[in-house]
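Worksheet: the structure to be examined is printed underneath.
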Amino acid sequence: MEDSYVLQLLAPKFKEFHLCFCGYAQCNPLHSFGPAARPNYIIHYILDGKGFYQVGDRKYELSKGQGFLIEPETLTFYQADKEEPWTYLWIGFGGTRAGYRPHDIGLNSGQLIFQCSYGNELKQIVLSMLKHTQSTTTNIYFLQGKLYEFFSVLSRDSALEATQEISQENNYIQEAISFIRNHYSKGISVTDVAEHLNVNRSYLYVLFKNALDMSPKEFLTKFCVSRAKEQLTLTDFSIEHIAHSCGYHDALVFSKAFKAQIGLTPREYRKQNRAETQDKLVASQNELESLMIKGKAYIHEESKNRQNEI
Numbered sequence: 002m003e004d005s006y007v008l009q010l011l012a013p014k015f016k017e018f019h020l021c022f023c024g025y026a027q028c029n030p031l032h033s034f035g036p037a038a039r040p041n042y043i044i045h046y047i048l049d050g051k052g053f054y055q056v057g058d059r060k061y062e063l064s065k066g067q068g069f070l071i072e073p074e075t076l077t078f079y080q081a082d083k084e085e086p087w088t089y090l091w092i093g094f095g096g097t098r099a100g101y102r103p104h105d106i107g108l109n110s111g112q113l114i115f116q117c118s119y120g121n122e123l124k125q126i127v128l129s130m131l132k133h134t135q136s137t138t139t140n141i142y143f144l145q146g147k148l149y150e151f152f153s154v155l156s157r158d159s160a161l162e163a164t165q166e167i168s169q170e171n172n173y174i175q176e177a178i179s180f181i182r183n184h185y186s187k188g189i190s191v192t193d194v195a196e197h198l199n200v201n202r203s204y205l206y207v208l209f210k211n212a213l214d215m216s217p218k219e220f221l222t223k224f225c226v227s228r229a230k231e232q233l234t235l236t237d238f239s240i241e242h243i244a245h246s247c248g249y250h251d252a253l254v255f256s257k258a259f260k261a262q263i264g265l266t267p268r269e270y271r272k273q274n275r276a277e278t279q280d281k282l283v284a285s286q287n288e289l290e291s292l293m294i295k296g297k298a299y300i301h302e303e304s305k306n307r308q309n310e311i
């Protein structure tokens with residue numbers, strides 16, 4: 002379990018780069034999430050305590066002042082420590098050019114963890130985001146500005162390790178995923194992906210099976226369904242609209258594919274998850290004011306201490 006505060010946005014105004022959700026949580030011992038694949042980029046930053054983050058066979062032991070990147074459609078798992086469970090914040094972001102933002106601060110598939118000494122500022126940014134829950138034009142622009150501010154702080158003195166070399170095979174996989182991410186709404190096929198990479202379908206199949214343990218077709222379907230899950234939870238778009246936006250020209254075909262993946266029809270999934278999300282938002286808003294006051298007081302005290310040191 003975790004005591005969490007969460008903000009999730011509805012339809013984004015900014016298509017290239019936008020905030021999808023953000024949150025703050027104090028975790029109980031051994032609280033975990035996953036294994037799961039998420040449809041958006043997510044950055045977690047650890048404010049206190051420790052735990053571990055695992056991607057495939059890579060396991061990272063992390064503590065206060067460190068953070069980690071979750072990439073879209075990547076199976077991940079993370080868990081709080083038994084003795085010193087972590088407190089962390091997170092932001093989820095998307096858009097047609099969202100993948101460039103982690104690269105700006107040195108994060109990528111080969112480098113998923115980072116350090117930053119400005120955790121109190123990151124916390125204050127997220128807490129201020131959590132106060133703006135209404136989907137007004139003013140709030141949307143405010144949140145967009147805070148998203149850029151978050152990355153500005155991360156880039157200030159982030160101590161990122163050297164990027165690992167990426168093999169040609171991984172380059173193909175990354176390029177294929179990027180192509181799918183940017184064109185899935187057009188109803189692309191595996192042949193379209195192979196032609197974009199200038200490789201044959203058989204070779205593409207081998208690449209995906211070796212790297213992701215699934216076929217390109219399976220990955221494409223999972224990706225589209227993941228995007229659909231996000232829209233079903235966070236928007237009021239019709240099932241037909243969501244089907245078309247995820248590359249399905251037939252809503253019935255979409256519904257069958259969705260149920261095969263999730264075990265629920267799109268309508269059933271929406272009803273279940275919208276209710277849970279709304280309950281969490283309502284429960285968290287009542288405690289945000291005191292949390293904000295505590296955060297501001299801490300920032301003020303830290304600022305005074307730094308001035309005294311100077």
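In short: position in the sequence shown from 1, add 1, done, that's our numbering. Beta carbons are placed, not taken as given, at the ideal position from N, Cα and C, and that holds for glycine.
Environment of residue i [buried if 16+ CB atoms lie within 10 Å]
i, result
"K124", "buried"
"L31", "exposed"
"R228", "buried"
"K272", "exposed"
"E72", "buried"
"K230", "buried"
"V254", "exposed"
"A244", "buried"
"Y142", "exposed"
"G52", "buried"
"Q135", "exposed"
"A163", "Any reading at A163 must be qualified, since the residue scores a pLDDT of 32, below 50, and its modelled position is unreliable; the value itself is stated next. With fewer than 16 other Cβ atoms within 10 Å, it is exposed."
Spatial neighbours of residue i in its chain, beta-carbon cut-off 8 Å, leaving aside the 5 residues before and after
i, result
"L76", "G35, P36, A37, A38, V56 and G57"
"E241", "A252"
"F152", "R102, D105 and I106"
"L213", "I174 and F220"
"Y61", "F53, Y54, Q55, F69, L113 and I114"
"I263", "V226, K230 and Y270"
"R98", "E17 and F18"
Whether residue i touches residue j by CB criterion (9 Å)
i, j, result
"G68", "Y42", "no"
"Y54", "Y79", "yes"
"Y319", "S216", "The first residue shown for the chain is 2 and the last is 311, placing residue 319 beyond what the model contains."
"R157", "Y119", "yes"
"E17", "G96", "yes"
"H19", "L108", "no"
"G50", "S64", "yes"
"A258", "Y249", "yes"
"K210", "V191", "no"
"K14", "T139", "no"
"N121", "P86", "no"
"N201", "L233", "no"
"E74", "K187", "no"
First through last residue of the beta strand (DSSP E) which encompasses residue i
i, result
"T77", "T77 to A81"
"V56", "K51 to V56"
"Y89", "T88 to G95"
"S203", "Careful: S203 lies outside any beta strand (DSSP E), inside the alpha helix (DSSP H) at R202 to L213."
"R59", "R59 to S64"
"Q112", "Run containing Q112: none; DSSP gives neither H nor E here."
Residues that DSSP places opposite residue i in a beta bridge
i, result
"K223", "None, per the DSSP bridge assignment."
"H45", "F69 and W91"
"S33", "Q80"
Start and end residues, alpha helix (DSSP H) containing residue i
i, result
"P40", "First-last for P40: undefined, no H or E at that position."
"Q262", "A252 to I263"
"K124", "G120 to L131"
"R98", "Neither: R98 is in no alpha helix (DSSP H) and is coded neither H nor E."
Close Cβ partners of residue i (< 6 Å) along its chain, the five nearest in sequence each way excluded
i, result
"C23", "L8, I92, V127 and M130"
"C247", "C225, R228 and A229"
"E288", "Reliability of the predicted coordinates at E288 is poor, the pLDDT of 48 falling under 50, and no value is obtained from them."
"E166", "Model confidence at E166 stands at a pLDDT of 36, short of 50, so the residue's coordinates are unreliable and nothing is read from them."
Cutoff 7 Å; reference residue i; Cβ partners in own chain excluding five residues on either side
i, result
"I44", "G68, L70, W91 and I92"
"R268", "I240"
"V194", "A177, F180, I181, L205 and P217"
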